[in-house]
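In what follows, a single structure is set out as structure tokens and then discussed.
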Amino acid sequence: VYDWIERFDPLVSRITTVKGPGVRQPMNVIVPLGSTVADVIAFAGGYNERAARLIIGGSMTGKSVTTDRVPVVKATNCILVLDQPASKGPMRPCIRCGECAEVCPIQLLPQQLLWHARADHEARLRDFGLIDCIECGCCDLVCPSHIPLTASFRTAKGRIRELEDEKARAERARLRFEARRERLARAAADEAADLERQKAHARTAGADAIADIMRRKRKDDGD
Numbered sequence: 010v011y012d013w014i015e016r017f018d019p020l021v022s023r024i025t026t027v028k029g030p031g032v033r034q035p036m037n038v039i040v041p042l043g044s045t046v047a048d049v050i051a052f053a054g055g056y057n058e059r060a061a062r063l064i065i066g067g068s069m070t071g072k073s074v075t076t077d078r079v080p081v082v083k084a085t086n087c088i089l090v091l092d093q094p095a096s097k098g099p100m101r102p103c104i105r106c107g108e109c110a111e112v113c114p115i116q117l118l119p120q121q122l123l124w125h126a127r128a129d130h131e132a133r134l135r136d137f138g139l140i141d142c143i144e145c146g147c148c149d150l151v152c153p154s155h156i157p158l159t160a161s162f163r164t165a166k167g168r169i170r171e172l173e174d175e176k177a178r179a180e181r182a183r184l185r186f187e188a189r190r191e192r193l194a195r196a197a198a199d200e201a202a203d204l205e206r207q208k209a210h211a212r213t214a215g216a217d218a219i220a221d222i223m224r225r226k227r228k229d230d231g232d
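In our numbering, the protein residues as written are 10 to 232.
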């Protein structure tokens, strides 16, 4: 913030933590934005024989990736290299145990959110506070049925944003249509008023003026 305000320097790099049992030399690195994760790992000594899983972000809120050819962006605060793949068992139906609700730091009801996310019920998702979810991953950690709750909520948030974009586009199209209709109506009213003024002028101008108008009209048609 100091560099941006006082020196007008743009954000071209950020400090990223590289850690985990799968990397040879854990460290904090100043990484130019756009560098690949593979380059950062190589700078930290590379992978060791224990590397098995790559997560961009922290162990709770991070996202697992299948390739290290992704770039470092402004939000890349951590690169985590784990020595074991995801150990969660097969997903089973929700048993309504309430463990996810107890650990939610925002005091949401993840089981209800999951129900409405599967039904793609935007209004109910908003009512139950999906937008307030910080995607911390606590509900995933305690779920005995191994349901990927956070991933479902992330997908539902994306769907809500898509619906908002669709509504915004429809509203803009409606406003453009109404503006065009009003513009055409004004043009038609102006044309009718001008015609009425010409008729009124012709009625009061006399026969010579009318003959002069007709003569000019024939001349214009001939030209």
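Even glycine gets a Cβ: it sits at the ideal position worked out from N, Cα and C.
For the region 31-89, the full-length beta strand (DSSP E) segments reaching 3 residues or more read 36-41, 62-65 and 72-74 along the chain. Contact annotation: Pro-102 and Gly-43 have beta-carbon atoms that are not nearer than 8 Å. Ranking Ser-73, Thr-85, Leu-123 and Val-74 by CA distance to the CA of Ile-39 puts Thr-85 first. Restricting attention to Tyr-56, Val-112 and Ile-115, the CA atom closest to the CA of Leu-91 is found in Tyr-56. Between Ile-88 and Leu-123, the gap from beta carbon to beta carbon reaches 8 Å or more. Comparing alpha carbon positions, the residue from Arg-59, Glu-205, Ala-126 and Arg-105 closest to Phe-137 is Ala-126. The residue among Gly-107, Val-27 and Ala-179 with its C-alpha nearest the C-alpha of Phe-52 is Val-27. When secondary structure is reduced to three states using DSSP, Leu-117 falls in the coil class, being assigned neither helix nor strand.
Here the C-alpha atom of Val-32 lies approximately 40 Å from the C-alpha atom of Leu-134.
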